[in-house]
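Chemist: Per this note's numbering, residue 10 is the first one in the sequence shown, and the count goes up by one each step. Before I ask anything, let me first share the structure, which is written out below as structure tokens.
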Amino acid sequence: MSDDLQINTGTKEEQYKTLLPQIFAIIDGEPDLTANLANITAALKEQFGWLWVGFYLVKDNELVLAPFQGPVACTRIKKGRGVCGTAWANAKTLIIPDVEKFAGHIACSSLSKSEIVLPIIKNEKVVGVLDVDSELLNHFDKIDAVNLQRIIEAIIL
Ligand code: SME
């Protein structure tokens, strides 16, 4: 059987609908967190072509860069700093239509124009975030929030 990802060229909802079962199949039964996070970022990047998609994990009270796809990024982010650190502090998903209008946004790449960050919550504690950046303004919406949340819930930490 081929490991190639099946890419969908339909609407955003259709793209997630094809992609999610494939991601679940890839991580199903695999206990290694790094391997699963790496494959999730690769699958998302391949389907959507976003500028940057990756994880930060909480270590020693900082967000530390974890598997990602895209340009090199900031290695460590403190709680409450930038979009990622704010999503962590508030334990809430943040959709930022225009990163220049978010006070304190951390510009890892000058190409990033909009962003979505979802906290990963285990036992009522934020243990990491999933961060996605786009070169287009206003690129993310509820459809992304709902579907990326489904992916997060499938990750076993
Ligand atoms: N823009 C993020 C930093 C992480 S990079 O985008 C990969 C922030 O403001 O937290």
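The beta-carbon is built from N, C-alpha and C at its ideal position, and this holds for glycine as well. On a predicted model such as this, the values are computed, not experimentally measured, just so you know.
1. Does the distance from the CB of tryptophan 59 to the CB of valine 135 come in under 7 Å?
2. Taking alanine 7 and leucine 103 to be in contact with their CB atoms under 8 Å, please state how far apart those CB atoms are, rounded to whole angstroms.
3. Would you give the residue range spanned by the alpha helix (DSSP H) that valine 92 belongs to?
4. Report whether the distance from the Cβ of tryptophan 61 to the nearest heavy atom of the ligand SME is below 6 Å.
5. So, for asparagine 17: in the same chain, excluding its five sequence neighbours on each side, which residues have a beta-carbon less than 6 Å away from its beta-carbon?
6. Any heavy atom of the ligand SME within a distance shorter than 6 Å of the CB on glycine 91?
7. Is it buried or exposed for isoleucine 68, if we count other Cβ within 10 angstroms and need 16 for buried?
8. For glutamate 6, is the classification buried or exposed, using 16 other Cβ atoms within 10 angstroms of its Cβ as the cut-off for buried?
9. Can we say the region 45-61 touches the region 73-80, given the rule of at least three CB pairs closer than 8 Å?
10. Can you grab the Cα-Cα spacing for the pair valine 126 / leucine 42, in whole Å?
11. Between arginine 90 and valine 73, how many whole angstroms is the CB-CB distance? I'm expecting something under 8 Å.
12. Could you please give me the residues that DSSP links to glutamine 78 through a beta bridge?
13. If we count the other Cβ atoms within 10 Å of its Cβ and call it buried at 16 or more, is proline 40 buried or exposed?
14. Can you tell which of Val108, His114 and Asp150 has the C-alpha that lies nearest to the C-alpha of glutamate 144?
Modeler: Reading from the atomic positions:
1. no
2. Because the chain in this structure spans residues 10 to 166, residue 7 falls outside the shown range and cannot be described.
3. For valine 92, the uninterrupted alpha helix (DSSP H) run begins and ends at 91-99, by DSSP.
4. Relative to the ligand SME, the beta carbon of tryptophan 61 is positioned inside 6 Å of a heavy atom.
5. Excluding the 5 residues flanking it on each side, asparagine 17 has same chain C-beta neighbours closer than 6 Å at Glu23, Gln24 and Thr27, in chain order.
6. Within the cutoff, so yes.
7. According to the sequence displayed, residue 68 carries lysine and not isoleucine. The residue is exposed, with fewer than 16 neighbouring Cβ atoms inside 10 Å.
8. The displayed coordinates of the chain run from 10 to 166. Any statement about residue 6 would go beyond what the structure contains.
9. yes
10. 19 Å
11. About 13 Å separates the two Cβ atoms, so there is no contact after all.
12. Val62
13. The residue is exposed, with fewer than 16 neighbouring Cβ atoms inside 10 Å.
14. Glutamate 144 has its Cα closest to that of Val108, out of Val108, His114 and Asp150.
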